[in-house]
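What follows is a single structure, written as structure tokens, with notes after it.
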Amino acid sequence: IPATSRLRDLQDYWSGIRVDGALPGRQHIVPGDIPRLLPYILILDYTNGQYRCRLAGTAVVEGLGQELTGHILDEELLGSAFSDWFRRLEAVRRRGRPLSGEENLWWLSRSHRHFHWLCLPLASDGQNVDKLMVCIDWV
């Protein structure tokens with residue numbers, strides 16, 4: 006169970022847009038249904054073994070101090086944190102199940118900046134995960 010009300014609200018929304026047990030896809034998300042969550046959300050596309058940030062909310066960009074939209078998540082962008090984050094993203098993609106945790110920005114030399122996160126799988130066809138929706142809730 007996610008640690009914060011913002012993360013729980015997003016997981017509840019995600020669960021509510023599932024149809025007959027299938028994974029929801031990006032096409033099922035109605036931004037107007039979750040306006041207060043949008044600043045904290047990242048949408049990641051998965052292609053050719055890589056994750057590209059399709060969308061990064063304003064609170065995510067402000068908290069990280071860098072724009073992610075359009076960028077591939079790799080060692081150049083995430084530095085030494087890349088392998089840990091890639092492993093987490095892959096676990097969600099392969100299992101098709103949510104994952105949550107807490108972290109700080111140690112890789113940006115800002116370990117005082119603490120956050121909780123939730124990663125949710127999205128599948129255009131209801132089965133094969135092709136996107137991830139990540140919510141970052143700054144503490």
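Number 144 marks the last residue of the sequence shown (the numbering used here); no jumps.
All C-beta atoms, glycine included, are put in the ideal place defined by N, C-alpha and C.
Spatially closest choice to residue i from the options, by CA coordinates
i	options	result
P44	V65, I34, N109	V65
G62	Q71, S10, P29	Q71
D17	L78, P103, L60	P103
C140	R100, L110, L42	L42
Q2	D38, D142, G101, I77	No information on residue 2 is available, as it lies outside the stretch 6 to 144 that the chain covers here.
Q55	P36, I39, H76	H76
E95	H33, L49, D142	L49
V97	C58, Y51, H121	Y51
Backbone secondary structure at residue i - three-state DSSP
i	result
H33	helix
V139	strand
S88	helix
S129	coil
Q78	Position check: residue 78 holds Leu in this sequence, whereas Gln was assumed. Coil.
R100	helix
Euclidean distance between Cα positions of residue i and residue j
i	j	result
A27	L69	33 angstroms
L125	D135	11 angstroms
L78	D25	32 angstroms
L123	S105	4 angstroms
P40	L15	11 angstroms
W90	V144	19 angstroms
S10	S85	30 angstroms
P154	I46	As displayed, the chain neither begins before 6 nor continues past 144, which places residue 154 out of reach and without an answer.
Assumed close pair residue i, residue j - CB separation to whole angstroms, cut-off 8 angstroms
i	j	result
G30	L137	12 angstroms between Cβ atoms; not a contact.
A8	E108	Their Cβ separation, rounded to whole angstroms, is 11 angstroms, which puts A8 and E108 out of contact at 8 angstroms.
Please go through the region 19-72 and give each complete alpha helix (DSSP H) segment of 4 or more residues, from N-terminal end onward.
-> Every alpha helix (DSSP H) of 4 residues or more that sits fully in the region 19-72 is shown, in chain order, as 63-69.
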